[in-house]
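Notes to accompany the following structure.
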Amino acid sequence: MTRHLKSPTLKSLTVGAALILMAGTALAEGPFDAPITARQSQMRLLAFNIGQLGGMAKGVIPYDADKAAAAAANLQAVANLNGGAFWPKGSDSFSFDNTNALPKIWDNMSDVGKKFQDLQTATTAMDAAAGGGLDAVKVALGPLGEACKACHKEYRKPKDK
Numbered sequence: 010m011t012r013h014l015k016s017p018t019l020k021s022l023t024v025g026a027a028l029i030l031m032a033g034t035a036l037a038e039g040p041f042d043a044p045i046t047a048r049q050s051q052m053r054l055l056a057f058n059i060g061q062l063g064g065m066a067k068g069v070i071p072y073d074a075d076k077a078a079a080a081a082a083n084l085q086a087v088a089n090l091n092g093g094a095f096w097p098k099g100s101d102s103f104s105f106d107n108t109n110a111l112p113k114i115w116d117n118m119s120d121v122g123k124k125f126q127d128l129q130t131a132t133t134a135m136d137a138a139a140g141g142g143l144d145a146v147k148v149a150l151g152p153l154g155e156a157c158k159a160c161h162k163e164y165r166k167p168k169d170k
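Sequence positions in the sequence shown follow our numbering and run 10 to 170.
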């Protein structure tokens with residue numbers, strides 16, 4: 010099996026380039042537009058790669074060890090970005106319509122940090138499991154989903170129904 014993006018430096022550069030490309034023209038807009046766009050881009054990259062693995066687990070996407078390993082490596086790289094600059098105080102859902110980040114994030118940064126460490130731990134476990142077979146992916150998806158849900162439940166504005 011070929012591992013994609015083995016080098017941490019290469020991972021960082023690749024993920025960084027993807028975030029810059031996804032940020033687009035936000036850099037030229039207001040002071041909170043670029044950070045909001047960057048963190049949303051990070052979340053979209055996480056969601057895309059989790060979706061690939063989840064699709065394999067559900068049988069919607071055929072399991073492929075190389076593709077699973079690539080998605081898991083991407084997850085680990087994206088989860089381990091230093092995204093502190095993505096979260097300036099005042100860039101919350103009460104201040105801006107284009108974000109779901111609740112203001113209480115900035116009152117509970119130690120809890121948010123712990124939850125993000127849990128995500129990093131889950132992505133590391135997925136990275137170790139992904140190329141090892143579909144059953145390993147299924148097992149690793151549980152803690153990964155729980156890590157996402159723990160933060161979103163507490164700190165993301167509920168979606169309109």
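Just so you know, even glycine gets a beta-carbon here, dropped at the ideal spot from N, CA and C.
Could you work out which residue in the options is closest to residue i when comparing CA atoms only?
i, options, result
"G64", "A131, K147, M118, F103", "K147"
"M52", "L90, E163, A149, L143", "L90"
"G141", "S119, D75, L128, E155", "D75"
"G122", "A145, A56, C157", "C157"
"T133", "D120, I45, L150", "L150"
"F125", "L153, S102, L143", "L153"
"A80", "S104, M118, Q61, W96", "Q61"
"E155", "F41, A138, A131, N117", "A131"
"G99", "P44, D169, P167, K168", "P44"
"P97", "M118, D127, A77, P71", "M118"
"Q129", "P40, L55, D144, F105", "L55"
"V69", "P167, S104, G39, L143", "L143"
"A78", "G92, N58, G93", "N58"
"D73", "A145, F103, D169", "A145"
"A39", "S104, G92, P71", "The displayed chain sequence assigns Gly, not Ala, to residue 39. The candidate whose alpha carbon is nearest that of G39 is S104."
"D116", "D101, D127, D106", "D101"
Tell me, which residues are paired with residue i by DSSP?
i, result
"A110", "R165"
Under the assumption that residue i contacts residue j (Cβ atoms under 8 Å), give the Cβ distance between them as a whole number of angstroms.
i, j, result
"A82", "D136", "6 Å"
"F95", "A159", "With 8 Å as the limit, F95 and A159 do not qualify as a contact, their Cβ atoms being about 19 Å apart."
Can you find at least 3 beta carbon pairs, one from the segment 79-89 and one from the segment 108-121, that sit closer than 8 Å?
No: fewer than three Cβ pairs fall under 8 Å.
Taking contact to mean 3 or more Cβ pairs, one atom from each stretch, closer than 8 Å, check whether the segment 93-111 and the segment 155-165 are in contact.
The segment 93-111 is in contact with the segment 155-165.
What are the uninterrupted segments assigned as alpha helix (DSSP H) that are 4 or more residues long and contained completely in the segment 51-77, given in chain order?
None, since the segment 51-77 contains no complete alpha helix (DSSP H) of that length.
I'd like the ranges of any alpha helix (DSSP H) spanning at least 4 consecutive residues and lying wholly in the segment 86-155.
Fully enclosed alpha helix (DSSP H) runs of 4 or longer: 118-138.
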